[in-house]
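Here is the structure we will look at, set down as structure tokens.
There are 6 protein chains.
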Amino acid sequence: MTQPNLKPETRRKLEKVSVATLATALYKRGLRQQVIQDVRPLAPKGRNMVGPAFTLRYMPAREDRNQLAEFRNPEHPQRKAVEICPPGAVLVMDSRKSATAASAGDILVTRLMKRGVAGVVTDGGFRDSMNIARLEIPTYHNRPSSPTNLTTNEAIDINVPIGCGDAPIFPGDVLVGDDDSVIVIPSELADEVADEAVSMTEFETFVLERVQAGQSIIGLYPATQDATLAEFSKWRKTLTTEQSR
Amino acid sequence: MTQPNLKPETRRKLEKVSVATLATALYKRGLRQQVIQDVRPLAPKGRNMVGPAFTLRYMPAREDRNQLAEFRNPEHPQRKAVEICPPGAVLVMDSRKSATAASAGDILVTRLMKRGVAGVVTDGGFRDSMNIARLEIPTYHNRPSSPTNLTTNEAIDINVPIGCGDAPIFPGDVLVGDDDSVIVIPSELADEVADEAVSMTEFETFVLERVQAGQSIIGLYPATQDATLAEFSKWRKTLTTEQSR
Amino acid sequence: MTQPNLKPETRRKLEKVSVATLATALYKRGLRQQVIQDVRPLAPKGRNMVGPAFTLRYMPAREDRNQLAEFRNPEHPQRKAVEICPPGAVLVMDSRKSATAASAGDILVTRLMKRGVAGVVTDGGFRDSMNIARLEIPTYHNRPSSPTNLTTNEAIDINVPIGCGDAPIFPGDVLVGDDDSVIVIPSELADEVADEAVSMTEFETFVLERVQAGQSIIGLYPATQDATLAEFSKWRKTLTTEQSR
Amino acid sequence: MTQPNLKPETRRKLEKVSVATLATALYKRGLRQQVIQDVRPLAPKGRNMVGPAFTLRYMPAREDRNQLAEFRNPEHPQRKAVEICPPGAVLVMDSRKSATAASAGDILVTRLMKRGVAGVVTDGGFRDSMNIARLEIPTYHNRPSSPTNLTTNEAIDINVPIGCGDAPIFPGDVLVGDDDSVIVIPSELADEVADEAVSMTEFETFVLERVQAGQSIIGLYPATQDATLAEFSKWRKTLTTEQSR
Amino acid sequence: MTQPNLKPETRRKLEKVSVATLATALYKRGLRQQVIQDVRPLAPKGRNMVGPAFTLRYMPAREDRNQLAEFRNPEHPQRKAVEICPPGAVLVMDSRKSATAASAGDILVTRLMKRGVAGVVTDGGFRDSMNIARLEIPTYHNRPSSPTNLTTNEAIDINVPIGCGDAPIFPGDVLVGDDDSVIVIPSELADEVADEAVSMTEFETFVLERVQAGQSIIGLYPATQDATLAEFSKWRKTLTTEQSR
Amino acid sequence: MTQPNLKPETRRKLEKVSVATLATALYKRGLRQQVIQDVRPLAPKGRNMVGPAFTLRYMPAREDRNQLAEFRNPEHPQRKAVEICPPGAVLVMDSRKSATAASAGDILVTRLMKRGVAGVVTDGGFRDSMNIARLEIPTYHNRPSSPTNLTTNEAIDINVPIGCGDAPIFPGDVLVGDDDSVIVIPSELADEVADEAVSMTEFETFVLERVQAGQSIIGLYPATQDATLAEFSKWRKTLTTEQSR
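Chains A, G, F, W, U and C supply the protein sequences, listed in that same order.
Position one of the first sequence corresponds to residue 603 (the working numbering), numbered consecutively onward.
Position one of the second sequence corresponds to residue 603 (the working numbering), numbered consecutively onward.
Position one of the third sequence corresponds to residue 603 (the working numbering), numbered consecutively onward.
Position one of the fourth sequence corresponds to residue 603 (the working numbering), numbered consecutively onward.
Position one of the fifth sequence corresponds to residue 603 (the working numbering), numbered consecutively onward.
Position one of the sixth sequence corresponds to residue 603 (the working numbering), numbered consecutively onward.
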């Protein structure tokens, strides 16, 4: 099983940039489908979720295999995933883009939080979402879904490549979520994309200040005028490292 | 017309349990489609909506039958439903899962609230939803919808069996809504399901405490280890009746 | 290009009425499709957005025409629209009802705000929507969308007739948005519809007061009893002009 | 229960006109939603289905009420509808626009055919549709659907007003289906719309001949040039009554 | 890897019954989701496809992993699946219910046919479907889809449990397709369900004869009258074994 | 207005290749969205539609602007487009992916055919589609749609860039349709893509012959073995030019 292997400094960089900025950085590299579509935070956290993906795959539930007694099996893949997802990782579930039944509820998500997991994502829905929203752990879904998981979902595979919200996810890919959405960074690109996104964010912060001060975007964003780059360079020197958002 | 006949103690029990817990209790009984799909509270109320269903059925509007003058008819089914829905009941509307036009607006919902109705549910949308959200009465819909009801809906039947968000609803079935969603309990099951859900909720509260204290879910949830049941039994004795959520 | 030509007094009237009331006023005139469907405010503003429409049309993006370098072109229609949309107008975008990629982000919306634009509407989604929600300018979309605009959208036409959320929009039509949704008033109807909506709103305020005081809606709403109209007339005299909401 | 009351000469006229022509005739009268959306013939019949509507309403199935044994009840509404739908009428089913499970199968449709019913329409799907397609009786659905009716549908009401494919249908309204789709003519308009559609069809036949002969549509369709009307009048005289399609 | 293990006599029985009949037989056993939804034959074959499932799972394609050169890899899972799917089995693909790009084309399907594979099913679409329709091998999809597989699909797993059209499929389950749709029979039920379906088909044939002869369905279907069963018993004796369809 | 400028030899080449092959040729060039999604031929023609695009853009209809009398205007954009679309071109309509009302009917399509237009495509639906299917001219839509165009569509622009079935179309781009679907080739790529597709088709024909003769696809398709290329080269020489399909 893939060992999450995300450098602490890369994690720190990714905590300070937006999913939008990361999406543009991946777009430059020809990757256009990495944002998980139609998934949103249960509550805004004002901080990013960052961590390597640990995946759980659901298939449609067949009634005879999905009675409540199944959960008594300590090897049931959903329960097992909750207990073995590495601390610092993000548990991400392929729920086949259906929120007809729940992907998980507040007890499992609390357990994940206590185990140090960095976040939980599904392209379906959580039950008890009103409670999950109040937990500290960042969580993302399509919409609240109260029916028990077994109604339509059978957990079938742990840590295999999956789709989530039409994005491709391989175990170990780095997930970043902000108060808008979640993006998937291929693991081998995480370091360079983090660096680039930090730079882009600095420039965007500079641009936003200028725009708030009344400047036109033409020549400024993107920086097609030499003057813009010169001013940005000057502005940047006035910043201490920690001021960049 | 069905007289709502919900025992006060059953109502009280249902006010203290979540829709998710009720969904599991009905799942055990082979009922898998009782949660109203894709309907949400206009605002979180922090308390449950509980009441027997009083239904209103809409059909697609034919233009010649749905001019504004129709509302002048004191027997117009939508207006009549608002005036005869019993206090303590929940008015639930089959809007054919379409929020293209409104199911109702703030004046009608305010009237229902003043008449003592327990809640209002549609699988379409409310107009003036920004105002309705501020009312004390719990209300549930798919999304705000400003066009007048008549644009696509003709109220055609009062208190007949309907579908709402793909759930089957018979007049007198007990509707329970929390800050996530709404569930339909067949009237003949309301008492026993309420009892079971109260017990389940006690156990879930116990489990959640243990999980917050760091315990694994294996053996605990579900309680496959004898020790778990023994501890639960002990924990339960330490509770006064009123402490169970 | 159409010059926005909205009378200040019409604007003031439209700031005080709801989209629902306007939808009914247009319904009386046979216009049933004027509410932009499935579009919502990024944040409630507690006040109306009002302004003549200035439009931007997107078409599906072809990869070779939509590399990041395109934004370096000062004549790129999206960037140009942001710089020439008249102060007081609303920039409204036909994003083909798709939020797969962003219609715009926080830098462009901030620039529009600084230029005095009255609001921004798309039937797609904004990126950086968590930031845009905090700006003073009213903004409306379907859902947050982090991928860069170029992923699926090519800005192709400025200020042509468009569809937005299945509503027809001609440049200069008056857009009004409240905390529920946005409506399109044909420019030639703006004055008369504003007048009528103000009157309707007065009556609805009266009705709501009565309903809150416990009166039935039968005979009151609509006012089929002469007594209702007499009481309304009396109630109205007790109001100073400014008290009508 | 409404007695179908369709004049034989109206039926004959409606057998010779297309749904498209009827849709235009109703459009002139302000009725825009009368075509049943997204429903198609199981097989082209090369002739029209015509008959007054006899309706059956389905609601979502609750598992405990929809075991196979239910069909043993001679009063089961689906089976009863099949036995009492009047000869010459069209059985039309509100299946809530879902083809997840069947609306009916080949045995019931064969029984309806033997009883002289004029056609069967659902906005869901038929099972055994490969067999039904070969029957003489015209049938319309969304797509084949093999699961038994009880899986998602409970037949609940006979001959009440319903929606089918978003069109409003009242018992006794006249349904006309061709090889494209099905339209609903309000019963009180059937005679005049049939007359008008026959005239329109004559003119369209004339236009089509001219277009096939190479004439431009400008001035011809619609007939804005006096010459066109004169030629049509002459052309018409050359027809015996029976030649009009 | 699962060895298909379908008894020849079970296969022969399943070749003579309809998917609708099989769906009812599974419904009796509590299995309600076994019909693959919204998938249809490319061309009617007038005979059933029968075979154990051999599965292929697709995930969303990431651009850098899905260039045309990938197909040069002899271990590419799609190409490999085509070469190792056992003769007599059905290759069934989880294409995530998307026909935006192809699941396969005529060359691969021809190869499968030549290798003796019993059929091919996808919940996406085939390219070259006009050619595939003319092949003898039965094939099922949602709709034609011309873009190359790599556009949105990455083949990732061979012969794992999958979903297809919302039905659960385990390797070795028995797939049966007729001219309407495809059903999934859990492998352990195949023999008994085949037997039961043959009996049911005999009775349905009898019923259909009676209905064609003018008999009412009440008491006949289901057979609630003793006379019906007696007549069926007599009718059955007049049949030689081979006459049952 | 763009003059269609398609070389006769390019047209001839495009008449002999499939949309699937063209999609792969464009995929190699980084163009992934060029197939018009969810649009199909009204009837198989057994030959390709080829021609430069002449576009018509629809917007949502506003009721007061879309009464039947509008068609009396000789400058009505839909009627005008029918009369000025160049012979040899393909009229392609952006109907906003909605078949709720018709994009055109049999009279207009017959006129286009008589004028020598090469084909007609809409991402909505045609009325009188049963008649249009029998015409010689190739036509493509989503599904039959009987309501008059004016019900939801206002023709607003002629020969501007549009989207159709989520594909980007610029006037003059070359449309190719086969019995599966339609693809859009950017005009500047038409010649080279036609050449490449002819070569690819030759190779695919060779591959298909080999597969029909029992050869494995590994090493053959794609041709990773030198032997394959050598055999193809030999095979090719045995062909007269005209034998390549």
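Each residue gets a CB set at the ideal place from its N, CA and C atoms; glycine is no exception.
Note that this is a predicted model, so its numbers are computed, not measured.
Quick one: which chain C residues come within Cβ less than 7 angstroms of residue i?
| i | result |
| --- | --- |
| M661(F) | P763, I764, G765 and P770 |
Anything in chain C within Cβ reach of residue i, meaning under 9 angstroms, just list it in chain order.
| i | result |
| --- | --- |
| Q680(F) | Within chain C, no residue comes near Q680(F); the closest Cβ sits about 15 angstroms away, beyond 9 angstroms. |
| L670(U) | T626, Y629, K630 and P824 |
Which chain W residues sit within Cβ distance under 7 angstroms of residue i?
| i | result |
| --- | --- |
| G632(G) | E665 and D666 |
Answer with buried or exposed for residue i, where buried requires no fewer than 16 other C-beta atoms within 10 angstroms of its C-beta.
| i | result |
| --- | --- |
| T750(A) | buried |
| K609(F) | exposed |
| D666(A) | exposed |
| A815(W) | exposed |
| P689(W) | exposed |
| G632(W) | exposed |
| Q680(W) | buried |
| K699(F) | buried |
| M603(F) | Confidence at M603(F) is low in this model, with a pLDDT of 42, below 50, so the placement of that residue should be treated as unreliable; the coordinate-derived value is given next. Exposed, since its Cβ has fewer than 16 Cβ neighbours within 10 Å. |
| N744(F) | buried |
| R674(U) | exposed |
| A720(C) | buried |
Going by Cα to Cα distance, which pick from the options is closest to residue i?
| i | options | result |
| --- | --- | --- |
| E790(U) | D781(U), P773(U) and R659(U) | P773(U) |
| D780(W) | P746(C), M651(C) and C766(C) | P746(C) |
| T754(U) | K630(C), R634(C), N607(C) and V619(C) | R634(C) |
| G765(F) | S801(F), A799(F), L752(F) and G726(F) | G726(F) |
| T702(F) | P662(F), L714(F) and E811(F) | P662(F) |
| N650(U) | T612(U), S731(U), T840(U) and L616(U) | L616(U) |
| F808(A) | A757(A), K618(A) and T830(A) | T830(A) |
| R659(A) | R614(A), E611(A), T724(A) and R713(A) | T724(A) |
| A622(A) | A796(A), E811(A) and T840(A) | A796(A) |
| V637(C) | P770(C), V722(C) and V619(C) | P770(C) |
| E677(W) | Y823(U), M732(U) and N744(U) | Y823(U) |
Using a Cβ cut-off of 8 angstroms, pull out every chain G residue sitting near residue i, in sequence order please.
| i | result |
| --- | --- |
| R838(F) | None at all; the shortest Cβ gap to chain G is about 17 angstroms. |
List, in chain order, every chain G residue whose beta-carbon is nearer than 9 angstroms to that of residue i.
| i | result |
| --- | --- |
| E685(A) | S818, I819 and I820 |
Under 8 angstroms Cβ-Cβ, which residues of chain U neighbour residue i?
| i | result |
| --- | --- |
| P676(W) | I820, G821 and T826 |
Residues of chain A with CB under 7 angstroms from residue i, in chain order?
| i | result |
| --- | --- |
| G707(F) | A622 |
Quick one: list the residues of chain F neighbouring residue i, beta-carbon separation under 8 angstroms, in chain order.
| i | result |
| --- | --- |
| F656(G) | By Cβ distance, chain F contributes nothing, its closest Cβ being about 16 angstroms from F656(G), past 8 angstroms. |
Under 9 angstroms Cβ-Cβ, which residues of chain A neighbour residue i?
| i | result |
| --- | --- |
| L710(F) | V813, I819 and Y823 |
Counting only Cβ pairs nearer than 9 angstroms, list the residues of chain F close to residue i.
| i | result |
| --- | --- |
| K716(G) | V813, Q814, A815, G816 and Q817 |
*Quick one, which residues of the segment 691 to 705 of chain W are near chain G if we go by CB-CB under 9 angstroms, in chain order?*
D696, R698, K699 and S700
_Cβ-based contacts, 8 angstroms cut-off: residues of the segment 804 to 831 of chain C near chain U_ = E806, V809, L810, V813, Q814, G816, S818, I819, I820, G821, Y823, P824 and T826
*Quick one: any contact between the segment 726 to 746 of chain W and the segment 695 to 711 of chain W, if contact means 3 or more CB pairs under 8 angstroms?*
yes
_Could you check whether the segment 832 to 840 of chain G touches the segment 623 to 639 of chain C, counting it as contact only if at least three pairs of C-beta atoms, one from each stretch, sit closer than 8 angstroms?_
no
_Beta carbons nearer than 7 angstroms to chain U: which residues of the segment 723 to 738 of chain W have them?_
R729, D730, S731 and M732
*With 9 angstroms as the C-beta to C-beta threshold (strictly closer), list the residues of the segment 749 to 761 of chain C near chain F in chain order.*
T754, E756, I758 and D759
_Contacting positions in the segment 776 to 792 of chain U - beta carbon closer than 8 angstroms to chain W_ = D780, D781, D782, S783 and I785
_Can you pull out the residues from the segment 642 to 655 of chain C whose beta carbon lies closer than 8 angstroms to at least one beta carbon of chain U?_
R642 and P646
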